[in-house]
Structure formats: structure tokens, C-alpha cells
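Just so we're aligned: 36 in this note's numbering is position 36 of the sequence shown, and the numbers increase by one with no gaps anywhere.
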Amino acid sequence: MLPHRAPPCTPPTSMPGNPRMRSASAPRQRLRRLWLKVHRWVGLSLGIVLLVAALTGSAMLLAEPLDESLNQALFHVPDASTVDYRAVMERLKAELGPDADITLRPPREEQESFQAHVRGSWTGTVYLHPASGEILGRRGEAEGMMGVLFAVHSNLFAGEAGKAVLTVAAFAYLLMLASGVYLWWPNRWRNALSIRWSAGGRVALFDWHRVTGVVFGIFVLLAVLSGAYMAWPPIAGMVNGLSDTPPASPPLVSGGPARSQIVEPAVARARAAFPEAAVGYVQVPAKASLPIRVRLRLPDDPHPNGLTSVWLHPNNAAPIRVDRWSDLSPGTQAYSYIYPFHTGELWGPVWTGLTFLVEAALAAYSFTGLLLWWRRRR
């Protein structure tokens, strides 16, 4: 956001010939120039990062259903009525070898394919027929429309370094919002949110930039801070530090890794513990010391994938520990709300639409800020 335009007239007591008023307004003008520099240079240095994050975030909301529609062979299986975990696991192990960590995502709707997220010598997603285990296709971690968008949005294609840059940009937005509101703060509220479309060109662009920045500023702030919470684990650590509940670590076992035939009874026992829950993910690690983890979504859990976990022994599927999402550490419980809040899934289609609007607003006033600066240089 750029400074609000000057009022149309200046009271006589503040004319340049009045030394008392001139000296009184000088500190205010210096402060205003300082905030303008902060707003401009923070925006120019990190605004491009926020612009990229906003564009990819809004694009993902549209790309996911479009991707599924354009790639029916990967996502839809019209003749599937059952899920055979053993067939799926045997095919995956034959394809990927014994050293791959596998996270299974069983179908959540009718005629949906089975997905397996893989980490090992190859990292990506394998799509399978849920009843036969036949491989329908595979994608690398950064392949496909959603893979590329997610990689840019979550870490700028730069791993942990990219996450750090995004986190810094998120907190820098606090400075841009505070400085923008200060510069916008009107002397006359009547025209505070007006845009002079008839003025055209730079004037209309400037008015649009400041008004959208003020109207959407707090919503954008919540969006970027929720993204920072997920990107930078120390924030959740600080939240946990406010309570006596430490984050739960996976229990350790001996005798693993799990054989293919153990996964199905493990899922059945996890569901028996919470009959009302839906299966979100089944994690089957390659390490011999780690158990199977079945993630469940309970009716009261806002996280779309569920954060309730049942940990089971890889040898016999015996339950080892149960972690209900509402009993987890405060930082993890907060994640249950922050994740769907950020992705637009928390309150259904209305929230998805609002999330898209907020992402588009951030992209728009990041772009208009850069454009105003560029025009000013010419």
C-alpha cells in the first residue's frame, strides 16, 4: 500500500508561513517518510515472494479439480468396489523395493483410485486399482500440475531454505500491513475507501492498491501467518512450550518392517477402536524400529485427513498406542484447524471461495505495488 492522497485543502493555521504549525508537523512528516520507505522496500524485497505464494495458492484451489478431470485414468476407477491392502502393498514392494517408506491413501469416495505416497530412492505418488493393486500411473514429487504448484507454494523449489524465506516473508507482511495502514489512515473518512476510477491510470491504480490492502489486509495476514505456522515447526514448538503437554513421538518397536499381509488387519483394528472414523492415511515405514500408523478422521476433527493415530506392531498388528487428536499437544491441535483454514477446507465451499478471493487479493496488491513503483521510476 502507498500513502493516502493529501486532503484537498490545508487549514490556514498550517500554512508554511506559520512556524509553530510547521515545526509541529515536521516530526509527523519525517515519520510518514520513514513508514513509506519501510513499506516500499520491504514490499520490493519480499513482495515478489508473497506474489508467487499467492498466485500458486489460488491456482491450487482451481488446479486440483481440473487435474482430476483431465487425468481420469489416474484418479478414477469405475469398476472398484473393494479395497485389497495386501494386493496394493505387494505390488508396491515389487515395484519400489523394500527400502521405500509408504503412506497409503485409500479411496475416500466411490470410484476413486488408491494412492500411495512414496519416499525412497524415488519420491512421488503411485496410483493403483484398489481391488487388484494394478498400477494406473505414477508421478514424481514435483511432476504434474499440482506437484509443481505445491512445490513452489510450500518451499519455492528450495527445500528448507525456501520454507525459511516464506516464513520471513510472512512476518515481513506484518510490517507492510502496519505501514500501509498508517500511510492510508485518512484525515477525512468520507472518502477513505473510494477509488477514483474516472482519474484513470496511476491515480486509479494507487487508490485500488490502498483500498484493497486495507479491506483484505487482516484476512491476508491470517492466511500468510497460517502458512508460516505450517512451514516453520519452531512456531508450533513455541505454542507447545506454553503448556505441559509435549508433542508425541512415534513409539519404537522391534521386529519390523511390516509385511504386506499385516497392513489390512492393522487397519481393521484401528477402525475397531474408532468405528465412527474414516481412514485418512496408513503409514508403513521401511525402518524395522517403527510401527504402522493408521491416521483416522473423527467426526469432531476439523483436519480433512484426520490427526487421530493408532500405532500398531508391524509383526502382528497389535495396538501399541492410541493418540486422539483432541488429546495431542496444543501446537498439534492448533494444526488441526490451521491446515484446513489455510487450504480453504475448514468450512466448506463458502470458505474455499473466500480463501481464493484472499489469495487473489494478495496477488493483486503485490502486483499493483510493484507496478506503481515501476511507473514512478520512469
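Here a beta-carbon is modelled for each residue, glycine too, at the ideal position from N, C-alpha and C.
Bear in mind the structure is a predicted one, so any value in this text is a computation, not a measurement.
Quick check on residue i: does DSSP put it in helix, strand or coil?
| i | result |
| --- | --- |
| leucine 221 | helix |
| alanine 278 | strand |
| glutamine 115 | strand |
| threonine 167 | helix |
| leucine 50 | helix |
| tryptophan 232 | coil |
| histidine 209 | helix |
| tryptophan 325 | helix |
| arginine 28 | helix |
| isoleucine 320 | strand |
| methionine 21 | Annotation note: pLDDT 41 at methionine 21 (below 50); position unreliable, no value reported. |
| arginine 188 | coil |
| aspartate 79 | coil |
| arginine 108 | coil |
| valine 284 | strand |
| glycine 306 | coil |
| glycine 137 | strand |
| arginine 297 | strand |
| leucine 128 | strand |
| asparagine 155 | helix |
| alanine 142 | coil |
| tryptophan 41 | helix |
| asparagine 240 | helix |
| isoleucine 338 | helix |
| threonine 352 | helix |
| arginine 196 | coil |
| proline 7 | With a pLDDT of 42 at proline 7, under the threshold of 50, the predicted position of this residue should be treated as unreliable, though the coordinate-derived value follows. Correct three-state label for proline 7: coil. |
| glutamate 95 | helix |
| proline 16 | Bear in mind that the predicted position of proline 16 carries a pLDDT of just 42, short of 50, making it too unreliable to give a figure here. |
| alanine 268 | helix |
Quick check: the Cα distance between residue i and residue j, rounded to an integer number of angstroms?
| i | j | result |
| --- | --- | --- |
| threonine 82 | arginine 108 | 12 Å |
| leucine 308 | valine 203 | For the sequence presented, residue 308 should be read as threonine rather than leucine. Those two C-alpha atoms are separated by around 53 Å. |
| threonine 56 | glycine 147 | 11 Å |
| glutamate 334 | valine 322 | Note on identity: in this sequence residue 334 is alanine, with glutamate being the wrong assignment. Each residue's Cα considered, the two are about 19 Å apart. |
| leucine 312 | proline 349 | 36 Å |
| glycine 200 | phenylalanine 206 | 10 Å |
| aspartate 301 | leucine 371 | 43 Å |
| proline 98 | proline 340 | 34 Å |
| tryptophan 244 | arginine 324 | Per the sequence presented here, residue 244 reads as aspartate, with tryptophan not at that position. Whole-angstrom Cα-Cα distance: 17 Å. |
| tryptophan 373 | leucine 36 | 12 Å |
| leucine 50 | glutamate 359 | 10 Å |
| threonine 125 | valine 310 | 23 Å |
| arginine 377 | valine 224 | 29 Å |
| arginine 91 | leucine 290 | 22 Å |
| serine 179 | tryptophan 41 | 11 Å |
| arginine 188 | arginine 375 | 27 Å |
| alanine 277 | histidine 303 | 12 Å |
| phenylalanine 356 | tryptophan 185 | 27 Å |
| glutamine 115 | arginine 297 | 17 Å |
| tyrosine 127 | asparagine 191 | 56 Å |
| isoleucine 102 | serine 260 | 11 Å |
| glycine 159 | alanine 151 | 9 Å |
Does the ligand GTP have a heavy atom nearer than 7 Å to the CB of residue i?
| i | result |
| --- | --- |
| valine 118 | Looking for the ligand GTP in the displayed structure turns up nothing, as the structure carries no ligands at all. |
Could you check whether residue j and residue i sit closer than 8 Å to each other, using their CB atoms as the reference points?
| i | j | result |
| --- | --- | --- |
| glycine 280 | asparagine 305 | yes |
| serine 366 | alanine 169 | no |
| leucine 136 | alanine 73 | yes |
| methionine 176 | histidine 39 | yes |
| serine 132 | alanine 63 | no |
| glycine 162 | asparagine 155 | yes |
| valine 294 | alanine 258 | no |
| phenylalanine 216 | alanine 59 | no |
| alanine 80 | proline 130 | yes |
| isoleucine 218 | tryptophan 208 | no |
| isoleucine 320 | proline 265 | no |
| lysine 287 | glycine 256 | yes |
| alanine 317 | isoleucine 262 | yes |
| leucine 61 | threonine 352 | yes |
| histidine 76 | serine 113 | yes |
| leucine 328 | alanine 248 | yes |
| glycine 369 | glycine 47 | yes |
| proline 275 | isoleucine 292 | no |
| valine 181 | valine 214 | yes |
| alanine 100 | valine 118 | yes |
| leucine 104 | tryptophan 122 | no |
| isoleucine 338 | serine 198 | no |
Bridge partners of residue i, per DSSP?
| i | result |
| --- | --- |
| leucine 370 | Note: leucine 370 sits in no beta bridge, so no partner. |
| glutamine 333 | Paired residue(s): none; glutamine 333 is not in a bridge. |
| threonine 123 | Looking at the DSSP assignment, threonine 123 forms no beta bridge with any residue, so it has no partner. |
| leucine 312 | Ile292 and Pro319 |
| leucine 34 | DSSP output for leucine 34 lists no bridge partner at all. |
| threonine 103 | His117 and Gln283 |
Does residue i come within less than 8 Å of chain C when only Cβ atoms are used?
| i | result |
| --- | --- |
| arginine 375 | The structure shown contains no chain C; it holds only a single protein chain. |
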